[in-house]
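J.: Here's a structure for you.
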């Protein structure tokens, strides 16, 4: 009796997820080990940053607050008082008192302060007393600006900004990859969102807390990552290009005084345009007339008033209420006549321009005040917890007698089918274009891992008592195909 042998069966076809999971696991491992320190620093400094508004108000209470008086002096006199206290530099902007107990802030250019900083002089709007002078970065005073620099660049200048951009470049990838890995291995919603408190101490318990906590903070971390990239060096420039391409920027405000408008001024006997300097604050309608025009147009404090750059330019007045509900209406005013040259209301901004403002201010803890700060603090603490638990798992994965945890298995990239590999390659190239530091760091990971693999697979075995080396096995004698992922 004869039996026919069965034809060999083809290996089962692997689905897309079964192919991608090992790749995500190894990528998550590398990012966790090498990028997590940068993310951890960003989380710690970000946690400190959440206290900045209260610290600023406490440290600079004398400069920022005054007893409420009866009548505020004209804005021009307040500017003159600031100039008397600070004779050098041009006046860049004036921020009138926002309420009955606030000072007026007059901001000067100053060669004695670092680049991108200015000098602010604080004036009591009732008595014209100068309450103090402090250097300022945007709207932030010294202490808050110091905390901001710590979070943004670790006080290392332009080079230091790479750390925060690297953290933001990878955080969304780590978060989404980790979420996919966790959901992919769980069957119940409860096990996805809640840690397994019944798990024994060790790696499984660490994994449960690491992943479940990560699920709860996923959306917040994604928003922080995206908004952090918007003002980064390299990715920020790419995002700016996209915003320009799709017209997602705030509408421009016309500041030029046209020949026709200037001719109309002379026909009506108005004062000629002033060429610049402190004279603009009292010539024509002066800053008091400009303020009156802006108020008549419905603009309300907090306001920033910028003098004209030259005799052919208008004053610019814009609202800057960054907490909810936000206000960013702006007008330009002819300094000779007090007439409105142009107006752009916040309602006219493209939706994505508004979203950019809102999400950035949410990132900075401004948009919703104290609740916003508390949410950011919670995200920072949660992220620190997740990273510490992640390093705990890595440590617990180390083989007996080894110093470090072992990485996820190699070969995941080679195991991809051509179609999936092509999709991964295209996605990587797109991300690399818009997030350059991701591309650079990923290339470094690849190079380092290839070198480690080559060294491991070509290392010779040395015979005891001799200087001659032989290969331990045929497999070890031949370098294997290098693969990182």
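Numbering (full-length UniProt numbering), first residue to last: 1 to 485. Glycine included, every Cβ here is placed at the ideal spot set by N, Cα and C.
Please name the residue, chosen from 328, 211, 339, that lies closest to residue 357 on a Cα-to-Cα basis.
T.: Sequence index remark: in the chain shown, residue 357 carries index 357 (1-based). Nearest option by C-alpha distance: 328.
J.: For residue 102, write down the residues that DSSP places opposite it in a beta bridge.
T.: As a first step, residue 102 is located in the chain shown; it is residue number 102 there, counting from the start. Paired residue(s): 65.
J.: At what residue ranges does the region 281-336 contain a whole run of the beta strand (DSSP E), taking only runs of 3 or more?
T.: Whole beta strand (DSSP E) segments, 3+ residues: 303-306, 315-319, 330-333.
J.: Do the region 200-218 and the region 165-183 meet, that is, are 3 or more Cβ pairs less than 8 angstroms apart?
T.: At 8 angstroms Cβ cutoff, the stretches touch.
J.: Looking at the structure shown, is residue 263 part of a helix, part of a strand, or coil, going by DSSP?
T.: Counting from 1 along the chain shown, the entry for residue 263 is found at position 263. Per-residue confidence for residue 263 stands at a pLDDT of 44, beneath the threshold of 50, marking its modelled position as unreliable; no derived number is given.
J.: So, with DSSP's three-state summary, where would you put residue 172?
T.: Within the chain shown, residue 172 is the residue found at index 172, counting from 1. If DSSP states are grouped into helix, strand and coil, residue 172 belongs with the helices.
J.: What three-state label does DSSP hand residue 364 in the structure shown?
T.: As a working mapping, residue 364 is identified with position 364 in the chain shown. Residue 364: coil per DSSP, three-state reduction.
J.: What ranges does the beta strand (DSSP E) occupy inside the region 22-103, keeping only unbroken runs of at least 3 residues that lie completely in it?
T.: For the region 22-103, whole beta strand (DSSP E) runs of length 3 or above, ordered along the chain, are 91-95.
J.: Apart from the five residues on each side of it in sequence, which residues of its chain come closer than 6 angstroms, Cβ to Cβ, to residue 35?
T.: Within the chain shown, residue 35 is the residue found at index 35, counting from 1. Excluding sequence neighbours, residue 35 sits near 170.
J.: Got a sec? Which residues, its chain only, sit under 7 angstroms from residue 236 by beta carbon, not counting five neighbours each side?
T.: For the purposes of this step, residue 236 is taken as residue 236 along the chain shown, with counting starting at 1. 229, 230.
J.: Grouping DSSP H, G and I as helix and E and B as strand, with all else coil, what is residue 133?
T.: For the purposes of this step, residue 133 is taken as residue 133 along the chain shown, with counting starting at 1. It is a strand residue.
J.: Give the single residue among 163, 158, 291, 43 whose Cα lies nearest to the Cα of residue 440.
T.: The count along the chain shown starts at 1 and reaches residue 440 at position 440. Minimum Cα distance to residue 440 is reached at 163.
J.: I think residue 92 touches residue 118, with their Cβ atoms under 8 angstroms apart; what is that distance to the nearest whole Å?
T.: Start at 1 with the first residue of the chain shown, and residue 92 comes out as number 92. Start at 1 with the first residue of the chain shown, and residue 118 comes out as number 118. Right, the Cβ-Cβ distance comes to about 6 angstroms (below 8 angstroms), so this counts as a contact.
J.: Give me the residue from 286, 279, 317, 309 with the minimum Cα distance to residue 297.
T.: Sequence index remark: in the chain shown, residue 297 carries index 297 (1-based). The residue with the shortest Cα to Cα distance from residue 297 is 317.
J.: Is DSSP giving residue 450 helix, strand or coil here?
T.: Here residue 450 refers to the residue found at position 450 when the chain shown is read from its first residue. Note: residue 450 maps to helix in three-state DSSP.
J.: Can you give the Cα-Cα distance for residue 456 and residue 412, rounded to whole angstroms?
T.: Counting from one through the chain shown, the residue named residue 456 turns up at place 456. Counting from one through the chain shown, the residue named residue 412 turns up at place 412. Spanning the two alpha carbons is a distance of roughly 18 angstroms.
J.: Please determine if the region 124-141 and the region 85-104 are in contact, where contact requires at least 3 C-beta pairs separated by less than 8 angstroms.
T.: Touching, per the Cβ criterion.
J.: Quick one: what's got a C-beta closer than 6 angstroms to residue 107's C-beta in the same chain, skipping five residues either side?
T.: On the chain shown, residue 107 is found 107 positions in, with the first residue counted as 1. Counting only Cβ-Cβ distances below 6 angstroms, and skipping sequence neighbours, we find 92, 93, 118, 120.
J.: Could you tell me which residues DSSP puts in a beta bridge with residue 456?
T.: Mapped onto the chain shown, residue 456 falls at position 456. In the DSSP output, where bridge partners are listed per residue, residue 456 has none listed.
J.: Would you mind stating whether residue 25 and residue 387 have Cβ atoms separated by less than 8 angstroms?
T.: As a first step, residue 25 must be located in the chain shown, where it is residue number 25. As a first step, residue 387 must be located in the chain shown, where it is residue number 387. The answer is no: Cβ separation not under 8 angstroms.
J.: For residue 191, which of helix, strand or coil comes out of DSSP?
T.: Your numbering for residue 191 matches position 191 in the chain shown. Reduced to three states, the DSSP call for residue 191 is helix.
J.: With 16 other CB atoms within 10 Å as the buried threshold, where does residue 265 fall?
T.: Numbered from its first residue, the chain shown carries residue 265 at position 265. With a pLDDT of 48 at residue 265, under the threshold of 50, the predicted position of this residue should be treated as unreliable, and no value is reported.
J.: Do the CB positions of residue 209 and residue 389 come within less than 8 angstroms of each other?
T.: In the chain shown, counting from the first residue as 1, residue 209 sits at position 209. In the chain shown, counting from the first residue as 1, residue 389 sits at position 389. Closer than 8 angstroms, so yes.
J.: Assign residue 306 to one of two classes, buried (16 or more other C-beta atoms within 10 Å of its C-beta) or exposed (fewer than that).
T.: By 1-based counting over the chain shown, the position of residue 306 is 306. Residue 306 is buried by the Cβ-count criterion.
J.: CB-CB under 8 angstroms to residue 99, same chain, minus the five flanking residues each way: which ones, in chain order?
T.: Taking the chain shown and counting its residues from 1, one reaches residue 99 at position 99. The answer, listed in chain order, is 301.
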